[in-house]
Ligand SMILES: C[S@@+](CC[C@H](N)C(=O)[O-])C[C@H]1O[C@@H](n2cnc3c(N)ncnc32)[C@H](O)[C@@H]1O
């Protein structure tokens, strides 16, 4: 070490960046989740299919349990159980979602730390696996075992709802940005292996001051296809599987660089039994009837 003292700037604490002040769970919930729309969609589909209101929800892979809480807040007769392996995330959800909903709602939300394949709870009208979480199960027998457990956890006329994404861009590497009011949500598909459909994806957040939360969330998934998931649901004992596809609107006034009309999703999902064209990207709900 040299003896010369380095010239030092006055010790001022570094200015906190927007990234350092942000909470990744808050950003995730704002960017990715729409619990109100989910509750409406689930309630309507269940009532149509079963002719009675759905009262009990099981949210598998519940993370911060925002959906389970929104479900219970939507009707005083409703109860929910959220299941997740990650105790810290469940704790965050209790503090920021469940308890702030008020004692009356909180008393109807149960959170269980455990594996969705092993946790047994009071039977549900609807069990859901949102945001592709079941894609952590990469082998057919693993996914089938989960779907069998999901079916066992339902009432006799219960339904299972799972989200799936796909399309031409889903099997590629890419980075996609979406701007929200005060931050940018970045979805990165880092890798996709056509041999086994394994994919590594990340969520990053970026702020106006240039700071970022790099890899706030990372997922190691197998990207399942609709026919595979349908077959596994039937093998797991479900009687019927329906696919709900997002309706698109064609904007006649705007075209993309190839001169094709621009299509945008309406947020409305309708049952489809035939399609003759793939899309760049799509998101569907599969509904399996017990
Ligand atoms: C993509 S997040 C989903 C969060 C939330 N459900 C949503 O829709 O945004 C996946 C969650 O699944 C949980 N998880 C992964 N494997 C699990 C398992 N075998 N049993 C229970 N939870 C699991 C993780 O801890 C994580 O919180």
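Residue numbers (this note's numbering): 97 to 386. Even for Gly, the Cβ is constructed at its ideal location relative to N, Cα and C.
**Request:** Report all residues from its chain with a CB closer than 6 Å to the CB of residue 347; omit the five preceding and five following residues, and keep chain order.
**Result:** Excluding residues within five positions, the ones whose Cβ falls inside 6 Å are 358.
**Request:** Look at the alpha carbon of residue 215 and the alpha carbon of residue 291, and state the distance between them as a whole number of angstroms.
**Result:** Between residue 215 and residue 291, the C-alpha separation is close to 32 Å.
**Prompt:** CB of residue 129 to nearest heavy atom of ligand 1: below 7 Å?
**Reply:** Residue 129: yes, Cβ under 7 Å from ligand 1.
**Message:** Measuring alpha carbon to alpha carbon, tell me which residue in 122, 193 and 384 is nearest residue 331.
**Reply:** 384
**residue 168, DSSP secondary structure in three states** = helix
**Message:** For ligand 2, I want to know if residue 223 counts as a neighbour, meaning its beta carbon is within less than 7 Å of at least one of the ligand's heavy atoms.
**Reply:** For the structure depicted, ligand 2 is absent and the ligand set comprises only ligand 1.
**Prompt:** For residue 354, does the three-state DSSP call read helix, strand or coil?
**Reply:** In this structure, residue 354 counts as coil in the three-state DSSP scheme.
**Prompt:** Taking C-beta to C-beta, are residue 390 and residue 113 nearer than 8 Å?
**Reply:** The requested residue 390 is not part of the displayed model; the chain covers only 97 to 386.
**Prompt:** Across which residues does DSSP place residue 368 in a beta bridge pair?
**Reply:** 339
**Prompt:** What did DSSP end up calling residue 313 once you bin it into helix, strand or coil?
**Reply:** strand
**Asked** Run through DSSP, which three-state label would residue 300 get?
**Response** strand
**Request:** May I have the straight-line CA-CA distance separating residue 325 from residue 111, to the nearest angstrom?
**Result:** Looking at the two C-alpha atoms, the distance is approximately 49 Å.
**Message:** Quick check on residue 193: buried or exposed, where buried means 16 or more other Cβ atoms within 10 Å of its Cβ?
**Reply:** buried
**Prompt:** With which residues is residue 363 paired in a DSSP beta bridge?
**Reply:** Its beta-bridge partners do not exist; DSSP assigns none.
**Inter-residue spacing [alpha-carbon to alpha-carbon] between residue 98 and residue 109** = Unreliable placement is indicated for residue 98, whose pLDDT of 46 sits below 50; the coordinate value is still reported in the next sentence. The straight-line gap from Cα to Cα measures roughly 26 Å.
**Request:** Indicate whether residue 223 and residue 156 have their beta-carbon atoms separated by less than 8 Å.
**Result:** yes
**Prompt:** Which residue or residues does DSSP assign as beta-bridge partners of residue 280?
**Reply:** Here residue 280 is bridged, per DSSP, to 275 and 302.
**Prompt:** For residue 123, which option in 380, 283, 230 and 166 has the closest C-alpha, if you only look at C-alpha atoms?
**Reply:** 283
**Request:** For residue 379, collect the residues of the same chain with a Cβ closer than 7 Å to its Cβ; drop the 5 residues on either side in sequence, then sort them by chain order.
**Result:** 259, 261 and 342
**Prompt:** Are the Cβ atoms of residue 166 and residue 185 separated by less than 8 Å?
**Reply:** Not in contact: residue 166 and residue 185 (Cβ atoms no closer than 8 Å).
**Message:** How far does the alpha helix (DSSP H) with residue 185 in it extend, from its first residue to its last?
**Reply:** Looking at the DSSP string, the run of the alpha helix (DSSP H) that includes residue 185 is 183-189.
**Counterpart residues of residue 287 in DSSP-defined beta bridges** = 296
**Request:** Could you pull out every residue in the same chain whose Cβ sits closer than 6 Å to the Cβ of residue 294, ignoring the five residues on either side in sequence?
**Result:** Scanning its chain for C-beta atoms nearer than 6 Å, with the 5 sequence neighbours on each side dropped, one finds around residue 294 the residues 318, in chain order.
**Item:** Cβ shell of residue 115 (< 6 Å), same chain only, five flanking positions each side left out
**Value:** Excluding residues up to 5 positions away in sequence, 303, 307, 308 and 309 lie with their Cβ nearer than 6 Å to the Cβ of residue 115 in the same chain.
**Prompt:** Across which residues does DSSP place residue 267 in a beta bridge pair?
**Reply:** DSSP output for residue 267 lists no bridge partner at all.
**Buried versus exposed call for residue 149 [16 or more other C-beta atoms within 10 Å across all chains shown]** = Looking at its Cβ environment, which holds fewer than 16 other Cβ atoms inside 10 Å, residue 149 is exposed.
**Asked** What residues are listed by DSSP as bridge partners for residue 123?
**Response** Answer is none; residue 123 lacks a bridge partner.
**Prompt:** Leaving out the 5 sequence neighbours to the left and right, which residues in its chain are closer than 8 Å to residue 329 when beta-carbon positions are compared?
**Reply:** 243, 256, 337, 382 and 384
**Asked** Secondary structure at residue 97, three-state DSSP: helix, strand or coil?
**Response** Low confidence applies here, because residue 97 scores a pLDDT of 43, under 50, leaving its location unreliable; read the following figure in that light. Three-state result, residue 97: coil.
**Item:** Enclosing beta strand (DSSP E) for residue 256 [first to last residue]
**Value:** 250-262
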